[in-house]
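Converting from the sequence shown to the numbering used here requires adding 16 to each position, the first position being numbered 1.
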Amino acid sequence: MELPESAPRQKESLDHRPPLRHSLPGIEAMITLTEQAATELKALLKAKGAADDAGLRLGVQRGGCAGLQYTMQVAEREEGDQVVAQDGVCVFLSPDSLEYLQGCKIDFSHDLSDAGFKIVNPNAARSCGCGTSFEAKEEGAEPSYDPALDGTKCS
């Protein structure tokens, strides 16, 4: 039903809408954090004396031994960032990295030799042994084994 030209139109508020990751049924969440990752992020933010609106800024850039590498820093939201809030913490996703981060899970490992945040990425065809570098999946292509990606040549 159309409103007559003279009828005032109500401005639709977007404030009541849930975040995008919850508003599209059947669409996988942008990213998720394990309970351990959320706990460790809270502790990290507190230890660094971060501002109340700070969180973990996650991005992807060219580099690393597998072609792409993750970037992580404690930061405040930047313009254009996708925000994922979970368990009392925020993760800010760089807009140019979204295609590589869709469906990722952030975990935290207490391994003696490799403690820290870990990214479980369904968009990675393969990851380097260091865990910070990956090769993106290409549609229709099957990744081949590359011994250079065993983690021994990581910097």
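All C-beta atoms in this analysis are idealised placements derived from N, C-alpha and C, irrespective of residue type, glycine included.
Predicted, not measured: the structure shown is a model, and the values here were computed from it.
Counted as a single uninterrupted DSSP element, the stretch harbouring E92 is not any alpha helix (DSSP H) but the beta strand (DSSP E) occupying residues L84 to E92. Per DSSP, T55 lies in no beta strand (DSSP E); the unbroken alpha helix (DSSP H) holding it starts and ends at E51 to A63. About 6 Å separates the beta carbon of F108 from that of G71, a gap short enough to meet the 8 Å contact definition. Residue burial is scored here from C-beta neighbours: G80 has at least 16 other C-beta atoms within 10 angstroms and is therefore classed as buried. Residue burial annotation: D112 is exposed, with fewer than 16 other C-beta atoms found within 10 angstroms of its C-beta. Look at L72 here: in three-state DSSP terms it is strand. Counting C-beta atoms within 10 angstroms of its own C-beta, Q77 has fewer than 16 neighbours from the protein chains shown and is therefore classed as exposed. Between G132 and K58 a beta carbon distance of about 15 Å is seen, past the 8 Å cut, so the two are scored as non-contacting.
Just measuring C-alpha positions, the residue of D127, S129 and A67 sitting nearest E92 is A67.
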